[in-house]
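Positions 1 to 242 (UniProt numbering) are the ones given, in order, by the sequence shown. Don't be surprised by glycine CBs; every beta carbon is placed ideally from N, CA and C. Beneath this line is the structure, given in structure tokens, with notes to follow.
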Amino acid sequence: MRIPEHLAIIMDGNGRWAEQRNLPRMLGHHHGVETAKVIIEECRRLRVPYLTLYAFSSENWGRPDEEVDALMSLLNTFLERELQSLLTHRIRLNVIGSIRRLPAPVRETLVQTMERTASNRDMVLTLALSYGARDEIVEAARMLAHDAVAGLLDPSEIDEKTFSNALQTADMPDPDFLIRTSGEMRISNFLLWQLAYAEIYVTPVLWPDFGVVDLHQALAEFGRRERRYGLTGGQLQHETRE
Ligand code: IPE
Ligand code: IPE
Ligand code: MG
Numbered sequence: 001m002r003i004p005e006h007l008a009i010i011m012d013g014n015g016r017w018a019e020q021r022n023l024p025r026m027l028g029h030h031h032g033v034e035t036a037k038v039i040i041e042e043c044r045r046l047r048v049p050y051l052t053l054y055a056f057s058s059e060n061w062g063r064p065d066e067e068v069d070a071l072m073s074l075l076n077t078f079l080e081r082e083l084q085s086l087l088t089h090r091i092r093l094n095v096i097g098s099i100r101r102l103p104a105p106v107r108e109t110l111v112q113t114m115e116r117t118a119s120n121r122d123m124v125l126t127l128a129l130s131y132g133a134r135d136e137i138v139e140a141a142r143m144l145a146h147d148a149v150a151g152l153l154d155p156s157e158i159d160e161k162t163f164s165n166a167l168q169t170a171d172m173p174d175p176d177f178l179i180r181t182s183g184e185m186r187i188s189n190f191l192l193w194q195l196a197y198a199e200i201y202v203t204p205v206l207w208p209d210f211g212v213v214d215l216h217q218a219l220a221e222f223g224r225r226e227r228r229y230g231l232t233g234g235q236l237q238h239e240t241r242e
């Protein structure tokens with residue numbers, strides 16, 4: 001099985017999973033957290049070096065207060081509960097997004113978990129929290145503009161690498177594979193710059209139902225994709241023969 005270097009997942013469909021069962025949406029999120037645990041552990045077992053999960057978008061702040069509050073406390077419990085497992089599996093926790101918008105207790109747990117797992121080397125687990133790609137890109141542009149005005153950076157020297165390094169994902173390779181559950185064919189403001197050449201896989205399976213078998217199916221499909229980067233199929237065959 002070809003293993004992506006950086007797998008990114010849009011974990012969608014918790015609400016619909018619950019609504020289909022006439023349950024409160026929050027129960028869908030609770031089941032979604034259990035799915036996340038299973039998928040994190042399977043990715044670690046398969047030796048995926050980087051796993052990034054879209055857990056809460058900058059737009060998700062617009063949901064009803066009760067749902068936002070419940071999601072924040074769910075996140076906090078998850079982090080506290082999983083610390084031991086992250087340490088056992090030598091997984092380093094990383095976060096991208098506007099962390100300052102998160103409630104203080106969640107922020108503190110995040111910082112502590114990142115510190116405690118900082119020396120782990122077997123997998124980097126990044127949670128995108130309060131994350132919006134446009135925010136991230138604007139922030140990077142602002143940072144570069146400040147440096148230019150301060151005379152630290154020559155604007156004519158700004159290239160793709162400079163720009164990538166100004167993003168929150170500076171120390172990670174771009175995702176080569178994106179999975180979105182629950183059928184929506186959109187990116188929803190996730191990693192717009194970094195997904196430029198990612199293979200995209202959308203499954204109708206709702207996130208709480210997404211299991212190890214579904215992950216293996218997705219990875220099998222990834223293995224069948226021909227990644228062309230703008231070249232022709234013929235050129236790629238030539239390259240692999242060389
Ligand atoms: C994804 O599930 C989790 C978050 C966005 C926090 P949703 O809550 O978006 O589920 P649907 O899309 O309403 O089914
Ligand atoms: C994307 O899901 C964000 C997360 C999975 C955290 P949404 O449910 O918020 O996206 P839309 O509203 O369908 O675009
Ligand atoms: Mg959704």
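At a cut-off of 4 residues, the continuous stretches assigned as alpha helix (DSSP H) that sit fully inside the segment 131–184 are 133–149 and 160–165. Here DSSP, grouped into helix, strand and coil, assigns T203 to coil. Closest by C-alpha distance to L144, out of R47, F163, G132 and F177, is F163. In terms of side-chain proximity, the C-beta atom of F222 is found no nearer than 8 Å to any non-hydrogen atom of ligand 2.
With the rule of 3 Cβ pairs closer than 8 Å, the segment 58–68 does not count as touching the segment 85–94. Remark: C-beta atoms of G13 and D209 approach each other more closely than 9 Å.
Assignment of H6 by DSSP, reduced to helix, strand and coil, places it in the strand class. Annotated three-state conformation of A118 is coil, per DSSP.
Collapsing the DSSP output to three states places T232 in coil.
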